Amino acid sequence: MDYEKQLENDTVCVSYLKLMPHEEIGEHYDVYPHVVIALQGGVVTRLEADGSRVLVEFPTGKAVFRPAETPAKMHRTINASNEEIVLIVVQLTSDPVPL
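Pasting the structure below:
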């Protein structure tokens with residue numbers, strides 16, 4: 006995985022993320038609401054803590070909103086395709102989800 010934090014302040018954290026084919030992001034939950042802009046889109050598979058699988062599409066050139074989550078929404082993310090996925094992730098850090 007190629008990850009680079011590009012900008013961070015009191016309001017946002019902007020990151021560049023490249024997921025290679027079949028690459029996995031380890032267990033996590035998304036603390037902040039965020040907007041994802043796909044420079045090279047694709048579909049990722051979320052492996053939820055309860056064992057279910059959810060497909061999430063990031064169309065090339067489009068913005069997708071993803072809400073904040075609580076620790077109960079722990080998951081892993083996999084690029085199950087044969088193509089790399091390149092994203093810009095804009096976390097809205099000024100308003101975290103209450104625990």
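For the sequence shown, my numbering assigns the number 6 to the initial residue and increments by one for each residue that follows. Just so it is clear, CB atoms sit at the ideal spot from N, CA and C, and this is done for glycine as well. Since this is a predicted model, take the numbers as computed values, not measurements.
Residue i, buried or exposed, once every other Cβ within 10 Å from all chains shown has been counted against 16
i	result
residue 80	buried
residue 24	buried
residue 56	exposed
residue 47	buried
residue 96	buried
residue 37	buried
residue 87	exposed
Between the CA atoms of residue j and residue i - distance to the nearest angstrom
i	j	result
residue 21	residue 78	23 Å
residue 42	residue 54	26 Å
residue 49	residue 85	6 Å
residue 68	residue 61	13 Å
Which of helix, strand or coil DSSP assigns to residue i
i	result
residue 67	coil
residue 73	coil
Expected contact under 8 Å - CB spacing of residue i and residue j to nearest Å
i	j	result
residue 72	residue 34	That pair is no contact at about 11 Å.
residue 16	residue 51	With a Cβ gap of about 26 Å, residue 16 and residue 51 do not count as contacting.
residue 90	residue 63	7 Å
Residue i: CB within 7 Å of a non-hydrogen atom of the ligand SAM
i	result
residue 59	For the structure depicted, the ligand SAM is absent and the ligand set is empty, with no information on it obtainable.
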